[in-house]
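Quick note, the sequences are listed as chains A and B, same order. Per my numbering, residue 15 is the first one in the first sequence, and the count goes up by one each step. Per my numbering, residue 15 is the first one in the second sequence, and the count goes up by one each step. Ideal Cβ positions, reconstructed from N, Cα and C, are used throughout, including at glycine. None of these values were measured; they are calculated from a predicted model.
Number of protein chains: 2
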Amino acid sequence: MNFSDRLAEKIILKKTPLCVGLDPRWESLPKSIRSKFADATPEAVAEAYLEFCSEVLDIVAPLVPVVKPQSAFFENCGPKGMEVLRKLLQHARSLGLITIMDNKRGDIASTATAYAEAVFGGQVGSHEYASWPADSMTVNPYLGFDAVEPFLKAARKVNGGIFLLVRTSNPGAKLFQDIESSGKPLYHHVAKSLAKWNEGHIGECGLGDAGAVVGATFPQEAAALRAEFPQIWFLVPGFGAQGGGLDEVRPSFREDGLGAIVNSSRGVTFPTSPDDPDWKSSIRKAALQSAQALGSLLKI
Amino acid sequence: MNFSDRLAEKIILKKTPLCVGLDPRWESLPKSIRSKFADATPEAVAEAYLEFCSEVLDIVAPLVPVVKPQSAFFENCGPKGMEVLRKLLQHARSLGLITIMDNKRGDIASTATAYAEAVFGGQVGSHEYASWPADSMTVNPYLGFDAVEPFLKAARKVNGGIFLLVRTSNPGAKLFQDIESSGKPLYHHVAKSLAKWNEGHIGECGLGDAGAVVGATFPQEAAALRAEFPQIWFLVPGFGAQGGGLDEVRPSFREDGLGAIVNSSRGVTFPTSPDDPDWKSSIRKAALQSAQALGSLLKI
């Protein structure tokens, strides 16, 4: 089954389009975990991330369809961090979760292929191998089609998908993404190309395997993109901690309630202070609450 | 001394603006190295990259000012690959080489900071740490100023620098980079912003610590950018294997011969076939040849 239909099926099964983001930060971890790694070397921090994020995965697996580890926070802990990231992706998959490797890669030719195969798998030496095995990854469009194509190719070989940056959620996104040409902003041109790259890869749910990152912080732009590109999945960051609420994410959904997955990181994984002795229950409660709130947008 | 002046000083000392790119590929490695890692697991491939690239660094260190490992090929070998990348960067620095971590990162807010500190160093747990310690790194501009700023900040704390993607060397670069607004292509708007971000950070050599990636495959565009932005360092990929020759890189230099570093990866590191028993001499010869050819562009 292609990525798009797998995603739709899992969203319908879990009755929510919530994606839980894993953006671990040492200073936000529960004190009961930090106290076990008191030396707090980069290796110890990585081990603490493994313990915390594994718990988070176990808690949210019955409640949500998708998880999205943010590569940067693991890269920050060196090689040990990357080993932990690999283990967490494997753990998420073993729990039946759909995974998005959020690493926003982008490069040309064989370099792009190497980045893509690090996620979707490929030949390394004499072995098939995927460094950070995931169902999908985020990709940066700046370098053009021949730089995005290797990601699409590697993804499609394993029924995976990509999410291309279209309209990011940061306040400064406009600087280049809003540069206007032929009456349309750059991000619109990117979305239009994306729609073309999706042709021939639309699933039974009516959406393609090449999705777009569209921030919740720009609901008007999201509404316009949604209207024009009904076959593109939106991955929507900016919900919760970054300021987007239900009203801000609503425009990213199609009439039938499909078409978007909404990410929440801090709001779900750090809902209380590090002192909370009952942090697991707090995470479960936060995940359930967000899952149900966003579930109300599904009309299936 | 700031990054820009360190770069200029090292180029003048070595009498060449050649940057050697480390883009290892298993199938291109000398057979004498591959035969030691016959099982060719991802870990073994990473070990082979370490042995090969360490030799390359030792060979080129007396001849060139700068080296640029390509992160993708190490990421492709998993956590062990990242450990090897870390060791190679440390080795390059111990040899006095200026290092560019070519990983084209780009993300927002605290995520960008995590990526930046993974290269330039920062607090991880209770320790100062840099996962992939380098003097500079490549950065993708798509997300805007608030996404580039954390890289500039982290770099400037340690007298490091960045190279922002402006005009990439791939044939398809035009798709978005040439989108025209107010009579100028997108990449020109990016370069203009970059010039602004350089203000107040111009070294004695007259160039700033925020450079631009400008492909040798687009010499006319490079000439126009050079004329308009005399204070921006250009990192020029596309020389050698990608088709650029001396005539193609010349427009990236200022009148005084400074202003650009030219990358060659395969041309220097894989000049002969994997069967070459004398591969070390072949690499030395190729490095020397490219260094001298490009050195002729310096007028100092």
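Buried versus exposed, by CB contacts within 10 Å (16 or more), residue i
| i | result |
| --- | --- |
| residue 295 of chain A | exposed |
| residue 116 of chain B | buried |
| residue 36 of chain B | buried |
| residue 191 of chain B | buried |
| residue 300 of chain B | buried |
| residue 304 of chain B | buried |
| residue 110 of chain B | exposed |
| residue 225 of chain B | buried |
| residue 31 of chain A | buried |
| residue 292 of chain A | exposed |
| residue 75 of chain A | buried |
| residue 72 of chain A | exposed |
| residue 262 of chain A | buried |
| residue 89 of chain A | buried |
| residue 230 of chain A | buried |
| residue 217 of chain A | buried |
| residue 85 of chain B | buried |
| residue 207 of chain A | buried |
DSSP beta-bridge partners of residue i
| i | result |
| --- | --- |
| residue 116 of chain A | A/84 |
| residue 136 of chain A | A/143 |
| residue 34 of chain A | A/81, A/278 |
| residue 198 of chain A | A/195 |
| residue 258 of chain B | B/253 |
Close-in-space but distant-in-sequence residues of the same chain around residue i (CB under 6 angstroms, 5 per side omitted)
| i | result |
| --- | --- |
| residue 114 of chain B | 82, 150 |
| residue 63 of chain A | 38, 98 |
| residue 168 of chain B | 130, 131, 134 |
| residue 173 of chain B | 16, 17 |
| residue 281 of chain B | 254, 255 |
| residue 118 of chain A | 152, 154 |
| residue 201 of chain B | 180, 181, 191 |
| residue 127 of chain B | 164 |
| residue 215 of chain B | 222, 223 |
Residue i in three-state terms, based on DSSP
| i | result |
| --- | --- |
| residue 181 of chain A | strand |
| residue 151 of chain B | strand |
| residue 212 of chain A | helix |
| residue 108 of chain B | helix |
| residue 98 of chain A | helix |
| residue 248 of chain A | strand |
| residue 225 of chain B | strand |
| residue 176 of chain B | strand |
| residue 29 of chain B | coil |
| residue 270 of chain B | coil |
| residue 44 of chain B | coil |
| residue 233 of chain B | helix |
| residue 163 of chain A | helix |
| residue 158 of chain A | coil |
| residue 243 of chain A | coil |
| residue 3 of chain A | The structure shown does not extend to residue 3 of chain A, since chain A is modelled only from 15 through 314, so no value can be given for it. |
| residue 312 of chain A | coil |
Under 7 angstroms from the C-beta of residue i: neighbouring residues of chain B
| i | result |
| --- | --- |
| residue 190 of chain A | 155, 156, 158, 200, 203, 204 |
Sequence-distant residues of the same chain with beta carbon closer than 8 angstroms to residue i, five excluded per side
| i | result |
| --- | --- |
| residue 122 of chain B | 157, 160, 161 |
| residue 234 of chain A | 265 |
| residue 260 of chain A | 307, 308, 310, 311 |
| residue 104 of chain B | 147 |
| residue 100 of chain A | 145, 146, 147 |
| residue 94 of chain B | 56, 57, 60, 61 |
| residue 142 of chain B | 135, 136 |
Own chain, CB closer than 7 angstroms to residue i, minus 5 neighbours either side, in chain order
| i | result |
| --- | --- |
| residue 65 of chain A | 47 |
| residue 12 of chain A | This structure gives no information on residue 12 of chain A, because the portion of chain A shown stretches from 15 to 314. |
| residue 52 of chain A | none |
| residue 219 of chain B | 18, 19, 22, 272 |
| residue 69 of chain B | 294 |
Contact list for residue i against chain A, beta-carbon separation under 7 angstroms
| i | result |
| --- | --- |
| residue 121 of chain B | 86, 118 |
| residue 244 of chain B | Those do not exist, as residue 244 of chain B stays about 23 angstroms from chain A at its closest Cβ, beyond 7 angstroms. |
Partners in chain A for residue i, counting only beta-carbon separations shorter than 8 angstroms
| i | result |
| --- | --- |
| residue 193 of chain B | 193, 195, 200, 203 |
| residue 141 of chain B | 54, 55, 56 |
| residue 184 of chain B | 122, 123, 157, 158, 160, 161 |
| residue 179 of chain B | 156, 157 |
Per-residue contacts from residue i into chain A (C-beta, under 9 angstroms)
| i | result |
| --- | --- |
| residue 288 of chain B | Those within 9 angstroms of residue 288 of chain B in chain A number zero; the least Cβ separation is about 14 angstroms. |
| residue 135 of chain B | Within chain A, no residue comes near residue 135 of chain B; the closest Cβ sits about 10 angstroms away, beyond 9 angstroms. |
| residue 78 of chain B | Those within 9 angstroms of residue 78 of chain B in chain A number zero; the least Cβ separation is about 21 angstroms. |
Where residue i meets chain B, residues with beta-carbon distance less than 8 angstroms
| i | result |
| --- | --- |
| residue 40 of chain A | 138, 139 |
| residue 93 of chain A | 93, 94, 96, 97, 100, 145 |
| residue 59 of chain A | 138, 139 |
Chain B residues whose Cβ lies nearer than 9 angstroms to that of residue i
| i | result |
| --- | --- |
| residue 305 of chain A | Residues of chain B passing the Cβ test: none, with the nearest at roughly 24 angstroms. |
| residue 207 of chain A | 189, 190 |
Under 7 angstroms from the C-beta of residue i: neighbouring residues of chain E
| i | result |
| --- | --- |
| residue 90 of chain B | In the structure shown, chain E cannot be found, because the protein chains are A and B. |
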